[in-house]
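Peer 1: Take any residue in the sequence shown, count from 1 to its spot, add 97: that is its number in my numbering.
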Amino acid sequence: MKKALSVLLALVMVFALCVGGTAYADFTDDEALIEAAKAEGELVVYGSCEEEYLAAACKNFEKLTGIKVSYQRLSTGEVQAKIEEENGNPSADVWFGGTTDPYNVCAAEGLLEAYDAKNAVHITKDAYKNPDGLWYGIYTGILGFMVNTEELDRLGLEAPQDFADLLKPEYKGLIWLSNYQTAGTAKLVINTMIQKLGHDEGIQYLCDLDKNIEVYTKSGSGPSKNVGIGECVIGIGFLHDGITQILDNGYDNIELIIPSSGTTCEIGATAIFKGAKHPNAAKLWIEYALSPDCVNLAKDNGSYQFLVIDNAEQPQAAIDFGLDPNNVIDYDWDDATNNIKTYVEEVMTALAASGADTADTGRFQTS
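Structure follows, in structure tokens:
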């Protein structure tokens, strides 16, 4: 009888641990943080990664913790604008995914909360995290071109191999890029061209490129979603978005191209907003976001970026497509952080001066 009671008691304890703690074992053993987060009972996430991955990450966090999660998918530029307007009284607790140029601007403006994440020990490079703990990298992706090979063949055109090729007159009306005012991807394009060519030359390049661009999409992944169907023949964006179209949507007419003279990579990040209403749940989210429990969901939900923590499983697809995150230029993050707002204004002014109707929301999309 005593033995049976002992077994029963052990089973009850195991169940209690699973409900109250062990489910967290993969991403934290901080019982005090767990209890404080559970007491808050809620978390609001703004996500700038793709919707499918965002939903999976949020639902898994809710399942593991019992904390109710609400989320909204917004481009990084939209999140930046929203958080700046709210100025320390944010309507969300954490930011998840999206390139770090807008994160760095928000960090410099005092709109992100520092947190010393324990799981940051798994981040493989110092460049993949903010030195003050204001954001942490979760993945990295290569900027390049996605082309529809069938359409190029039909038009009798060769695929562009470098940024300079995109200026060729035969590509007029065939290129899509995201909107400099709304997408972190497009802001990275601005910084890339200025750093590769120089300030004036970089802005002039973007004005020349504008002559060939048909649409500027609100989100950075917008061009990739239209390449396979042929509406966009050449898309500029992150190549992992092209992998999604090839593998998940069956568009084997897409070719991925890494610019031959060198390109840049994004660091997709996560951060806590200054003034978050659920600060402990937000901290618990950061630990989760820096764990296999979260990042290993990406490849199963249409996201094939390289992961930046050493205990995660790299997506084989990114390796198979040759997207080496180390094959990039030496990106000046400080210049990008300090000047990107000015650069966006300068680019939009220069485009208008060169004849572009920057108020045309059909072309410069904002929704």
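Glycine residues also receive a C-beta, built at the ideal position from the N, C-alpha and C atoms.
(1) Could you round the C-beta distance between Phe370 and Ala189 to whole angstroms and report it? I think they count as a contact, below 8 Å.
(2) Is it buried or exposed for Asn227, if we count other Cβ within 10 angstroms and need 16 for buried?
(3) Going straight from the alpha carbon of Val166 to that of Val191, what length do you get?
(4) Could you tell me whether the stretch 154-174 touches the stretch 383-403, where touching means 3 or more Cβ pairs closer than 8 Å?
(5) Between Ile164, Leu209 and Asn424, which has its C-alpha nearest Lys179's C-alpha?
(6) Please classify Ala456 as buried or exposed, where buried requires at least 16 other C-beta atoms within 10 Å of its C-beta.
(7) Measuring alpha carbon to alpha carbon, tell me which residue in Asn350, Leu130, Thr289 and Gln301 is nearest His375.
(8) Comparing C-alpha positions only, which one of Trp430, Gln413 and Phe242 sits nearest to Asn323?
(9) Are there 16 or more other CB atoms within 10 angstroms of the CB of Ala450, so buried, or fewer, so exposed?
(10) Name the one or two DSSP bridge partners that Ile354 has.
(11) By DSSP, does Leu394 sit in helix, in strand, or in coil?
(12) Residue range of the alpha helix (DSSP H) that Glu182 falls in?
(13) For Asp198, tell me which candidate among Thr279, Leu252, Glu267 and Glu183 has the shortest Cα-Cα distance.
(14) To test your reading of the DSSP string, which unbroken alpha helix (DSSP H) runs of 4 or more residues are found completely within the stretch 194-278?
(15) Take the Cβ of Leu252 as the centre, count every other Cβ of all protein chains shown within 10 Å, and call the residue buried at 16 or more, exposed below.
(16) Quick one: measure Cβ to Cβ for Ile340 and Ala409, integer angstroms, because I've assumed they're closer than 8 Å.
(17) Helix, strand or coil for Glu443 per DSSP?
(18) Count the other C-beta atoms from every protein chain shown that fall within 10 angstroms of the C-beta of Lys222, then say buried if there are 16 or more, exposed otherwise.
(19) Pick out whichever of Ala261, Leu264 and Tyr277 has its Cα sitting closest to the Cα of Met445.
(20) Got a sec, what are the start and stop residues for the alpha helix (DSSP H) Glu159 sits in?
(21) Jot down the residue ranges of each uninterrupted beta strand (DSSP E) in the stretch 273-348, minimum 3 residues, whole runs only, in chain order.
(22) For the alpha helix (DSSP H) that Ile369 lies in, which residues bound it at each end?
(23) Could you check whether the Cβ of Asp457 sits closer than 7 Å to any heavy atom belonging to the ligand SAM?
(24) Here's the rule: buried if 16 or more other CB atoms are within 10 angstroms of the residue's CB, otherwise exposed. What is Thr458?
(25) I'd like to know whether the C-beta atoms of Leu263 and Ala256 end up nearer to each other than 8 Å.
(26) Determine the extent of the alpha helix (DSSP H) in which Gln413 is found, giving its start and end residues.
(27) Hey, would you say Ala366 sits closer than 8 Å to Gly234, going by beta carbons?
(28) Nearest by alpha-carbon distance to Gly186: which of Asn435, Tyr313 and Ala373 is it?
(29) Less than 8 Å between the CB atoms is what I'm expecting for Ile287 and Leu303, so what's the real figure, rounded?
(30) With a threshold of 16 other CB atoms inside 10 Å of the CB of Asn245, please say whether the residue is buried or exposed.
(31) In three-state DSSP terms, what is Glu139?
(32) Measuring alpha carbon to alpha carbon, tell me which residue in Ile326, His337, Gly332 and Tyr348 is nearest Leu306.
(33) Rounded to whole angstroms, what is the Cα-Cα separation between Asn346 and Glu128?
(34) Do you know offhand how far Asn184's Cα is from Leu254's?
(35) Check whether the Cβ atoms of Gln462 and Lys315 lie closer than 8 Å to each other.
(36) For Asp390, count neighbouring C-beta atoms within 10 Å of its own C-beta (all shown protein chains included) and say buried if the count is 16 or more, exposed if not.
Peer 2: With the structure as the only source:
(1) Residue numbering aside, residue 370 sits at position 273 when the sequence shown is read from its first letter. Residue numbering aside, residue 189 sits at position 92 when the sequence shown is read from its first letter. Right, their Cβ atoms sit about 6 Å apart.
(2) Residue mapping note: residue 227 aligns to position 130 of the sequence shown, counting from 1. Of the other Cβ atoms in all chains shown, 16 or more fall within 10 Å of the Cβ of Asn227; this residue is therefore buried.
(3) Stepping through the sequence shown from its first residue, residue 166 is reached at position 69. Stepping through the sequence shown from its first residue, residue 191 is reached at position 94. Cα to Cα, the separation comes out at about 11 Å.
(4) Judged by Cβ distances under 8 Å, the stretch 154-174 makes contact with the stretch 383-403, as three or more pairs qualify.
(5) As a first step, residue 179 is located in the sequence shown; it is residue number 82 there, counting from the start. Comparing alpha carbon positions, the residue from Ile164, Leu209 and Asn424 closest to Lys179 is Leu209.
(6) Walking along the sequence shown from the start, residue 456 turns up at place 359. Here Ala456 is exposed: its Cβ has fewer than 16 other Cβ atoms, across all protein chains shown, within 10 Å.
(7) If you number the sequence shown from 1, residue 375 lands on position 278. Nearest neighbour of His375 by Cα position, chosen from Asn350, Leu130, Thr289 and Gln301, turns out to be Leu130.
(8) Locating residue 323 in the sequence shown gives position 226, where the first residue counts as 1. For Asn323, the nearest C-alpha among the options comes from Phe242.
(9) Numbered from its first residue, the sequence shown carries residue 450 at position 353. Exposed.
(10) What you label residue 354 is simply residue 257 of the sequence shown in a count that begins at 1. Looking at the DSSP assignment, Ile354 forms a beta bridge with Phe242.
(11) Your numbering for residue 394 matches position 297 in the sequence shown. Reduced to three states, the DSSP call for Leu394 is coil.
(12) As a first step, residue 182 must be located in the sequence shown, where it is residue number 85. Secondary structure note for Glu182: its alpha helix (DSSP H) is the uninterrupted segment Thr173 to Glu183.
(13) Position 101 of the sequence shown holds residue 198. For Asp198, the closest of Thr279, Leu252, Glu267 and Glu183 by C-alpha to C-alpha distance is Thr279.
(14) Counting only runs of 4 or more, we get 197-205 and 246-252.
(15) Taking the sequence shown and counting its residues from 1, one reaches residue 252 at position 155. Leu252 counts as exposed, since fewer than 16 other beta carbons sit within 10 angstroms of its beta carbon.
(16) As a working mapping, residue 340 is identified with position 243 in the sequence shown. As a working mapping, residue 409 is identified with position 312 in the sequence shown. With a contact defined as Cβ atoms closer than 8 Å, Ile340 and Ala409 miss out at about 17 Å.
(17) For the purposes of this step, residue 443 is identified with residue 346 of the sequence shown, where counting begins at 1. Looking at Glu443 - three-state DSSP - the assignment turns out to be helix.
(18) By 1-based counting over the sequence shown, the position of residue 222 is 125. Lys222 should be labelled exposed.
(19) In the sequence shown, counting from the first residue as 1, residue 445 sits at position 348. When each option's Cα is compared against that of Met445, the closest is Tyr277.
(20) One-based indexing of the sequence shown puts residue 159 at position 62. Residues Glu148 to Thr162.
(21) 310-314 and 331-335, all fully within the stretch 273-348.
(22) As a working mapping, residue 369 is identified with position 272 in the sequence shown. Judged by DSSP secondary structure, Ile369 falls outside any alpha helix (DSSP H) and instead within the beta strand (DSSP E) spanning Cys362 to Phe370.
(23) Ligands in the displayed structure: none, and consequently the ligand SAM is not present.
(24) Walking along the sequence shown from the start, residue 458 turns up at place 361. When all chains shown are included, Thr458 counts as exposed.
(25) Start at 1 with the first residue of the sequence shown, and residue 263 comes out as number 166. Start at 1 with the first residue of the sequence shown, and residue 256 comes out as number 159. Against a cut-off of 8 Å, the Cβ pair of Ala256 and Leu263 comes out as no contact.
(26) By one-based count along the sequence shown, residue 413 stands at place 316. Going by DSSP, Gln413 is part of the alpha helix (DSSP H) stretching over Gln413 to Asp417.
(27) Locating residue 366 in the sequence shown gives position 269, counting from the first residue. Locating residue 234 in the sequence shown gives position 137, counting from the first residue. The beta carbons of Ala366 and Gly234 sit closer together than 8 Å.
(28) The residue given as residue 186 occupies position 89 in the sequence shown. It is Asn, not Gly, that sits at residue 186 in the sequence shown. The shortest CA-to-CA distance from Asn186 to any of Asn435, Tyr313 and Ala373 is the one to Ala373.
(29) The residue given as residue 287 occupies position 190 in the sequence shown. The residue given as residue 303 occupies position 206 in the sequence shown. The Cβ separation is near 7 Å, so the contact holds.
(30) Locating residue 245 in the sequence shown gives position 148, where the first residue counts as 1. Buried, since its Cβ has 16 or more Cβ neighbours within 10 Å.
(31) Here residue 139 refers to the residue found at position 42 when the sequence shown is read from its first residue. In the displayed model, Glu139 falls within a strand according to three-state DSSP.
(32) Start at 1 with the first residue of the sequence shown, and residue 306 comes out as number 209. Nearest neighbour of Leu306 by Cα position, chosen from Ile326, His337, Gly332 and Tyr348, turns out to be Gly332.
(33) Here residue 346 is taken as the residue at index 249 of the sequence shown, counted from 1. Here residue 128 is taken as the residue at index 31 of the sequence shown, counted from 1. Whole-angstrom Cα-Cα distance: 42 Å.
(34) What you label residue 184 is simply residue 87 of the sequence shown in a count that begins at 1. What you label residue 254 is simply residue 157 of the sequence shown in a count that begins at 1. Spanning the two alpha carbons is a distance of roughly 49 Å.
(35) Translated into the one-based positions of the sequence shown, residue 462 becomes position 365. Translated into the one-based positions of the sequence shown, residue 315 becomes position 218. Result yes, Cβ atoms of Gln462 and Lys315 sit closer than 8 Å.
(36) Start at 1 with the first residue of the sequence shown, and residue 390 comes out as number 293. So Asp390 ends up on the buried side.
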